[in-house]
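Undergrad: The structure that follows is given in the form of structure tokens.
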């Protein structure tokens, strides 16, 4: 436990990152249930993580690729295998990110993309991914 977590725990405050993740998950659940967009969220996370390169693993983050939110870059989102995934980012996830930021909550694109995917699996009847 970090000093910050301990300090927040003493005064009953929630860690800001945990608060942002919980709020994002709640918004993802609502989105998936109302728009039936789980499959495209899973596919987006899969393609984002698909950039991992074992040959560059010794170079560390972000040079080895992987689930780092790089799917948002024009080079990746415009690649033929990623056709249609721009909708997941622009129509489904950007409003969630913007809403969180309006509330003073910060979540990275990498975290939001992977959280939305894990939440989609759960909401659609699959196992809870911890």
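In my numbering, the protein residues as written are 21 to 150. For each residue, glycine too, the CB sits at the ideal point set by N, CA and C.
Within the same chain, show all residues whose beta-carbon is closer than 8 angstroms to that of residue 134, passing over the 5 residues directly before and after it, in chain order.
TA: Answer for residue 134: 65, 68, 69 and 87, listed in chain order.
Undergrad: Report the three-state DSSP secondary structure of residue 74 (helix, strand or coil).
TA: Three-state result, residue 74: helix.
Undergrad: Would you give the residue range spanned by the alpha helix (DSSP H) that residue 46 belongs to?
TA: Taken as a continuous stretch (DSSP letters only), the alpha helix (DSSP H) holding residue 46 covers 36–55.
Undergrad: Do the region 54–64 and the region 32–42 make contact, defined as three or more Cβ pairs closer than 8 angstroms?
TA: The region 54–64 vs the region 32–42: no contact.
Undergrad: May I have the straight-line CA-CA distance separating residue 147 from residue 47, to the nearest angstrom?
TA: Looking at the two C-alpha atoms, the distance is approximately 19 angstroms.
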